[in-house]
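J.:
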Amino acid sequence: MADTVELKKHFWSKLASSPFLMVGLQDGQHSEPLTAQLDEDQVDTIFFFIGKDNRMAKGGPAMLQFVSKGHDFFACLAGTARIDNDFAMIDKLWNNQVEAWFPGGKSDPNLALLRIDIDDAEMWETDMSVTGKLKMLFGGKIKSDEAGSHAKVETTAER
């Protein structure tokens, strides 16, 4: 079983390689898929480029769900969403993929930078041990310490 620090490192690594999350405000509406823009200098913060007309633009308490590419890591994050149109941050996070959605570029009148500050998270990693994999292969019972790692954390900072 990985320790909490390792689990947090794995989360940020997995998110960087597949930056897609389901994001929703805790107002009863459904979540929607958004592409995370990560800034290594920001701890517990994830950014998203959205349209000003997007339902997330009003901000408030938010939930984010993540499933890694290999389906071996899962996370549920709770935080607070708000628009933060700091031009320096927009410039820092801007890329060709974002430009495809906003033809007016960084000054597109519909562009908004959504910032979600993470308050807490729950993470699961299926880092099954060799013993657990052998038991699964031959139909044996797998103990919880052979199945993977799980943590509830108040910060996703790696320290």
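Its first residue numbered 68, the sequence shown is counted upward by one per residue in my numbering.
All C-beta atoms, glycine included, are put in the ideal place defined by N, C-alpha and C.
In this text, all values refer to a predicted model and were calculated from it rather than measured experimentally.
Just how far apart, CA to CA, sit A145 and G171?
T.: By 1-based counting over the sequence shown, the position of residue 145 is 78. By 1-based counting over the sequence shown, the position of residue 171 is 104. The straight-line gap from Cα to Cα measures roughly 32 angstroms.
J.: Determine the DSSP secondary structure at D186, reduced to helix, strand or coil.
T.: Position 119 of the sequence shown, counting from 1, holds the residue named residue 186. In the structure shown, D186 sits in a strand (DSSP, three-state: E or B).
J.: When you compare only the Cα positions, how much space is there between E73 and W191?
T.: On the sequence shown, position 6 is the one that residue 73 refers to. On the sequence shown, position 124 is the one that residue 191 refers to. Whole-angstrom Cα-Cα distance: 12 angstroms.
J.: Would DSSP call W161 helix, strand or coil?
T.: Taking the first residue of the sequence shown as 1, we reach residue 161 at position 94. Three-state DSSP puts W161 in coil, outside helix and strand.
J.: A124 to L131, Cα distance in whole Å?
T.: Counted from its first residue, the sequence shown places residue 124 at position 57. Counted from its first residue, the sequence shown places residue 131 at position 64. Approximately 15 angstroms between the Cα atoms of the pair.
J.: Which complete beta strand (DSSP E) runs does the segment 95-157 hold, if anything under 3 residues is left out?
T.: Segments of the beta strand (DSSP E) lying fully in the segment 95-157: 99-102, 112-118, 127-134, 140-150.
J.: Consult DSSP for L201 and reduce its assignment to one of helix, strand or coil.
T.: Here residue 201 refers to the residue found at position 134 when the sequence shown is read from its first residue. Interpretation of L201 is limited by its pLDDT of 48, a score under 50 that renders its predicted location unreliable; no figure is taken from the coordinates.
J.: Classify S80 as buried or exposed, calling it buried when 16 or more other Cβ atoms lie within 10 Å of its own Cβ.
T.: Numbered from 1 along the sequence shown, position 13 holds the residue referred to as residue 80. Its Cβ having fewer than 16 others within 10 Å, S80 is exposed.
J.: Can you give the Cα-Cα distance for Q96 and D187, rounded to whole angstroms?
T.: Here residue 96 is taken as the residue at index 29 of the sequence shown, counted from 1. Here residue 187 is taken as the residue at index 120 of the sequence shown, counted from 1. C-alpha separation (whole angstroms): 21 angstroms.
J.: Would you report the Cα separation of P100 and R122, rounded to the nearest angstrom?
T.: Translated into positions along the sequence shown, residue 100 becomes position 33. Translated into positions along the sequence shown, residue 122 becomes position 55. Approximately 12 angstroms, taken between the alpha carbons.
J.: With H, G and I counted as helix, E and B as strand and the rest as coil, what does DSSP make of F78?
T.: Taking the first residue of the sequence shown as 1, we reach residue 78 at position 11. DSSP places F78 in helix when its eight states are reduced to three.
J.: Give the straight-line distance between the Cα atoms of N177 and K119, rounded to the nearest whole angstrom.
T.: By 1-based counting over the sequence shown, the position of residue 177 is 110. By 1-based counting over the sequence shown, the position of residue 119 is 52. When rounded, the distance between both Cα atoms is 5 angstroms.
J.: At the level of alpha carbons, what is the spacing between E189 and F133?
T.: In the sequence shown, residue 189 corresponds to position 122, counting from 1. In the sequence shown, residue 133 corresponds to position 66, counting from 1. Using only the alpha carbons, I get a separation of about 10 angstroms.
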